[in-house]
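So the protein lines, in turn, are chains V and C. If you're matching positions, the first sequence starts at 1 in our numbering and goes up one per residue. If you're matching positions, the second sequence starts at 1 in our numbering and goes up one per residue. Even for Gly, the Cβ is constructed at its ideal location relative to N, Cα and C. Before any comments, here is the structure.
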Amino acid sequence: MSPVLNNRYAIVAALALIVAILPFTFPSGYYLRVASLVWVSAFAAIGLNVLMGKAGQVSLGHAAFFGIGAYAAAIGPAHFGLPSWAALAVGACISAALAYLVGRPILRLKGHYLAIATLGFGVLVALVLTTESRWTGGPDGMSVAKLTVFGWRVGTAYAWYWLSAAFLLVGTWVALNLDDTPTGRALLALHDSEVAARVVGIDVARLKLRAFVIAAVYASIAGSLLAMMNGFVNPDLAGFQHSVELVTMVVLGGLGSVVGSIVGAVVLVVLPQALTVFQEYENLMLGFIIIVSMVFMRDGIVPMARKLVARAR
Amino acid sequence: MLVVKDIGISFGALKAIDGVSFSANAGQILTVIGPNGAGKTTLFNVISGVYVASRGSVELCGEDVTSFAPEALAARGMSRTFQNLQIFQRMTVAQNVMVGRHLKERSNLFADLLRLPSVGRQNRETRDAALQLLEEVGLRDKADVLAGNLSYGGCKRLEIARALATGPRVLLLDEPAAGCNAVETEEIDRLICRVAEKGIAVVLVEHDMKLVMKISHRILVLDRGRFLAEGTPAEVRENPGVHQAYLGNRGAKEVQGA
């Protein structure tokens, strides 16, 4: 196997290098914004990949946690006078607690049943965000206070580029750390054979719950970041379509591959921007490209690339 | 060590296991045999908590553990292997065995996420322990191969190593030699004896009669979910009821006539 794609130091160093060089190649501020969007989406996808790729449990309502994080960043400062960074932390805690409470009953379900249950949960959260308009501004959404850290107001596209990239690097590092630890091994074991995992003493219910909570916290932080970056939130952030986008990033990039989630986010964020030349056929083309890539790269982009590299040697 | 009393499980009207009792002692090999469909694997699934017993009790080292979940049984010293292989295919051979040490490891989610130095230290200890077990089952040189790439016999031995890694007092082996060639069977045969010599109570389901007769201390015969006979290999070999269960009336007569 390719050593570069497997060493966590190398992966994070390579990612940092890319992050550092990219802005010099950008002709305009618009690209900075797209790149920041990629980093934030990748952050959420990495978390979801811990649940889907490592533990092998599906969540079709994951944007709910993204939405909770986003609205925490909006509501915290607006209604409770919290600093934005504290609202981000509170949002992450709420998401973790909610994931724990919801996960306990629904993670007993398997396969399609779990998919439907998580889907229902996602719809429910989006519904609450839409209807509780006194707090959330309803379907029109609400504006979000700018982030201020130590008196420094994070406003420019450059500032957001670096901040979101910093989060991505930390998020990548943490997710990579999980491999080859007792928790990481147990997650993989659970994915390959649940019954064998139980027989060696792994408490699979607790383990699934942990993965669900980790994924929820990642999504929530990503949501808060996006909300503060855009200065605006609406219920679509928690909607079903966004959930599906997150799942697509994970699957397209490669289940279980941290780098894959980043690649998946690049594809799903950049491609629609690039496909605007097709105008009304944009979504059609996007769908077509995703179908074709899944047919020819069933394992996802990064695992596929890894295999090709291994074969070439 | 392991005492099973009057255990039974029904699937609808079918009594898959009906009032079977036996006990397994430390350092001894008890083999469960019986014709196809006798309920051997079902018996294992009931004892190891994969299925929930309809009646009867299972006692492990004096503690009533009837219908305990597999992970709870693992914590109390029961481990097993599977007839249809259940190895972790996407992990290396060494990692498979390292997972077996799960209960022996201190695991803290935050330490793992941040990969604190203690995690690395423990990883090395766990890996050393795993390598030692792999040495024992003859897979030391395959340690860093993906488990999915092992031969069939290799997988069988890997499952035993993983089960041993939990530090069991009772080990249930479900057809460890099935599908193995003569050489592989011989190796597994020796391995099982070594395991028993360590003082582990081994309960074995096996079809290979040569292997069964050679290594078992006692044999339990099941037929259609019921107890048929129990005894030493010699006793069971002479038992007409066992011949009849395996070969039918005519076959049994021929064996006794021979």
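Endpoints, the alpha helix (DSSP H) within which residue i is located
{"i": "Thr-315 (chain V)", "result": "Residue 315 (chain V) cannot be examined here, being either before or after the span of chain V that is shown, 1 to 313."}
{"i": "Glu-59 (chain C)", "result": "From DSSP, Glu-59 (chain C) is part of no alpha helix (DSSP H) but of the beta strand (DSSP E) over 55 to 60."}
{"i": "Thr-126 (chain C)", "result": "117 to 137"}
{"i": "Arg-306 (chain V)", "result": "301 to 312"}
{"i": "Leu-73 (chain C)", "result": "70 to 75"}
{"i": "Phe-110 (chain C)", "result": "109 to 114"}
{"i": "Phe-150 (chain V)", "result": "Taken as a continuous stretch (DSSP letters only), Phe-150 (chain V) belongs to no alpha helix (DSSP H), as it is neither H nor E."}
{"i": "Leu-43 (chain C)", "result": "40 to 47"}
{"i": "Leu-246 (chain V)", "result": "240 to 253"}
Local Cβ density within 10 Å of residue i, reported as buried at 16 or more and exposed below that
{"i": "Lys-210 (chain C)", "result": "exposed"}
{"i": "Ala-16 (chain C)", "result": "buried"}
{"i": "Ile-18 (chain V)", "result": "exposed"}
{"i": "Gly-231 (chain V)", "result": "exposed"}
{"i": "Leu-82 (chain V)", "result": "buried"}
{"i": "Ala-97 (chain V)", "result": "exposed"}
{"i": "Leu-193 (chain C)", "result": "One detail in the question is off: residue 193 (chain C) reads as Cys in this sequence, not Leu. Answer is exposed; the Cβ neighbour count stays below 16."}
{"i": "Ile-106 (chain V)", "result": "buried"}
{"i": "Trp-173 (chain V)", "result": "buried"}
{"i": "Thr-130 (chain V)", "result": "buried"}
{"i": "Arg-250 (chain C)", "result": "exposed"}
{"i": "Cys-180 (chain C)", "result": "buried"}
{"i": "His-62 (chain V)", "result": "buried"}
{"i": "Phe-82 (chain C)", "result": "buried"}
{"i": "Asn-177 (chain V)", "result": "buried"}
{"i": "Phe-43 (chain V)", "result": "buried"}
{"i": "Ala-35 (chain V)", "result": "buried"}
{"i": "Gly-199 (chain C)", "result": "exposed"}
{"i": "Val-4 (chain V)", "result": "For Val-4 (chain V), the pLDDT reaches just 47, beneath the cut-off of 50, and the residue's location in the model is therefore unreliable, although a value from the coordinates is still provided. Counting Cβ neighbours within 10 Å, Val-4 (chain V) comes out exposed, since fewer than 16 surround it."}
{"i": "Trp-160 (chain V)", "result": "buried"}
{"i": "Met-1 (chain V)", "result": "Residue confidence for Met-1 (chain V) is low, a pLDDT of 39 falling below 50, so the modelled location carries little weight; the figure read from the coordinates is stated next. It counts as exposed."}
Limits of the unbroken beta strand (DSSP E) element including residue i
{"i": "Ile-87 (chain C)", "result": "It is not in any beta strand (DSSP E) - Ile-87 (chain C) carries neither H nor E in the DSSP assignment."}
{"i": "Ser-23 (chain C)", "result": "14 to 24"}
{"i": "Met-78 (chain C)", "result": "78 to 80"}
{"i": "Gly-8 (chain C)", "result": "2 to 11"}
{"i": "Leu-220 (chain C)", "result": "218 to 223"}
{"i": "Val-205 (chain C)", "result": "201 to 205"}
{"i": "Gly-231 (chain C)", "result": "226 to 231"}
{"i": "Val-65 (chain C)", "result": "That residue, Val-65 (chain C), is in no beta strand (DSSP E); it is neither H nor E in DSSP."}
{"i": "Val-32 (chain C)", "result": "29 to 33"}
Candidates the options: closest to residue i by CA position
{"i": "Gly-37 (chain C)", "options": "C:His-207, C:Glu-125, C:Thr-185, C:Gly-251", "result": "C:His-207"}
{"i": "Val-251 (chain V)", "options": "V:Gly-56, V:Ser-36, V:Phe-26", "result": "V:Gly-56"}
{"i": "Tyr-71 (chain V)", "options": "V:Ala-159, V:Gly-223, V:Leu-127", "result": "V:Gly-223"}
{"i": "Tyr-206 (chain V)", "options": "V:Phe-66, V:Ala-159, V:Val-258, V:Arg-104", "result": "Per the sequence shown, the amino acid found at residue 206 (chain V) is Arg instead of Tyr. Comparing Cα-Cα distances from Arg-206 (chain V) to each of V:Phe-66, V:Ala-159, V:Val-258, V:Arg-104, the minimum goes to V:Arg-104."}
{"i": "Ser-118 (chain C)", "options": "C:Ala-129, C:Arg-127, C:Arg-106, C:Asp-128", "result": "C:Arg-106"}
{"i": "Ile-215 (chain C)", "options": "C:Ser-10, C:Asp-18, C:Gln-28, C:Met-1", "result": "C:Gln-28"}
{"i": "Leu-246 (chain V)", "options": "V:Leu-22, V:Ala-16, V:Ala-186, V:Leu-48", "result": "V:Leu-48"}
{"i": "Gly-287 (chain V)", "options": "V:Thr-248, V:Val-258, V:Ala-157, V:Arg-311", "result": "V:Thr-248"}
{"i": "Gln-122 (chain C)", "options": "C:Val-32, C:Leu-139, C:Leu-103, C:Gly-138", "result": "C:Leu-103"}
{"i": "Val-202 (chain C)", "options": "C:Gly-62, C:Ile-160, C:Leu-222", "result": "C:Ile-160"}
{"i": "Val-20 (chain C)", "options": "C:Gly-154, C:Tyr-246, C:Ala-252, C:Glu-230", "result": "C:Glu-230"}
{"i": "Pro-182 (chain V)", "options": "C:Val-221, C:Thr-126, C:Gly-225, C:Tyr-152", "result": "C:Thr-126"}
{"i": "Glu-235 (chain C)", "options": "C:Phe-227, C:Gln-244, C:Leu-220, C:Leu-85", "result": "C:Leu-220"}
{"i": "Ala-74 (chain V)", "options": "V:Val-90, V:Gly-171, V:Gly-264", "result": "V:Val-90"}
{"i": "Asp-18 (chain C)", "options": "C:Ile-7, C:Gly-12, C:Ala-147, C:Gln-86", "result": "C:Ile-7"}
Within chain A, partners of residue i - CB distance below 7 Å
{"i": "Val-50 (chain C)", "result": "Here the protein chains are V and C, and chain A is not one of them."}
Where residue i meets chain C, residues with beta-carbon distance less than 7 Å
{"i": "Ile-301 (chain V)", "result": "Those within 7 Å of Ile-301 (chain V) in chain C number zero; the least Cβ separation is about 18 Å."}
Interface partners of residue i on chain V, CB under 7 Å
{"i": "Gln-86 (chain C)", "result": "Ser-193, Val-195, Ala-196"}
{"i": "Glu-175 (chain C)", "result": "Simply none; closest approach about 15 Å."}
{"i": "Leu-109 (chain C)", "result": "Thr-183, Arg-210"}
Amino acids of chain V, ordered along the chain, whose beta-carbon sits closer than 9 Å to that of residue i
{"i": "Phe-11 (chain C)", "result": "In chain order: nothing, as chain V lies at least about 18 Å away."}
{"i": "Phe-82 (chain C)", "result": "Ser-193, Val-195, Ala-196, Val-199"}
{"i": "Ser-79 (chain C)", "result": "Val-199, Val-200, Gly-201"}
Proximity test, residue i beta-carbon vs the ligand FAD heavy atom, cut-off 7 Å
{"i": "Val-125 (chain V)", "result": "You won't find the ligand FAD in this model; it holds no ligand whatsoever."}
Beta-carbon neighbours of residue i, restricted to chain V and to distances below 8 Å
{"i": "Glu-105 (chain C)", "result": "Pro-182"}
The segment 279 to 290 of chain V: which residues have C-beta closer than 9 Å to a C-beta of chain C, in chain order? none
Could you run through the segment 90 to 103 of chain C and flag, in chain order, every residue whose CB is less than 7 Å away from some CB of chain V? Arg-90, Met-91, Gln-95, Met-98, Val-99, Gly-100, His-102, Leu-103
Identify each residue in the segment 111 to 143 of chain C for which the Cβ-Cβ distance to at least one residue of chain V is less than 7 Å, and report them in chain order. Asp-112, Leu-113, Leu-114, Arg-115, Val-119, Asn-123
Interfacial residues, the segment 181 to 193 of chain V to chain C, with Cβ spacing under 8 Å: Thr-181, Pro-182, Thr-183, Gly-184, Arg-185, Ala-186, Leu-188, Ala-189, His-191, Asp-192, Ser-193
With 7 Å as the limit, tell me which residues of the segment 144 to 173 of chain C have their beta carbon closer than that to any beta carbon of chain V; keep them in chain order. Arg-162, Thr-166
Closer than 9 Å between beta carbons: that is the criterion. Which residues of the segment 54 to 77 of chain C meet it against chain V? Ala-69, Pro-70, Glu-71, Ala-72, Leu-73, Ala-74, Ala-75
Of the residues that make up the segment 200 to 222 of chain V, which ones have a beta carbon closer than 7 Å to any beta carbon in chain C? Val-200, Gly-201, Ile-202, Asp-203, Arg-210
May I ask you to list, following chain order, the residues of the segment 159 to 178 of chain V that have a beta carbon less than 7 Å from some beta carbon of chain C? Val-174, Asn-177, Leu-178
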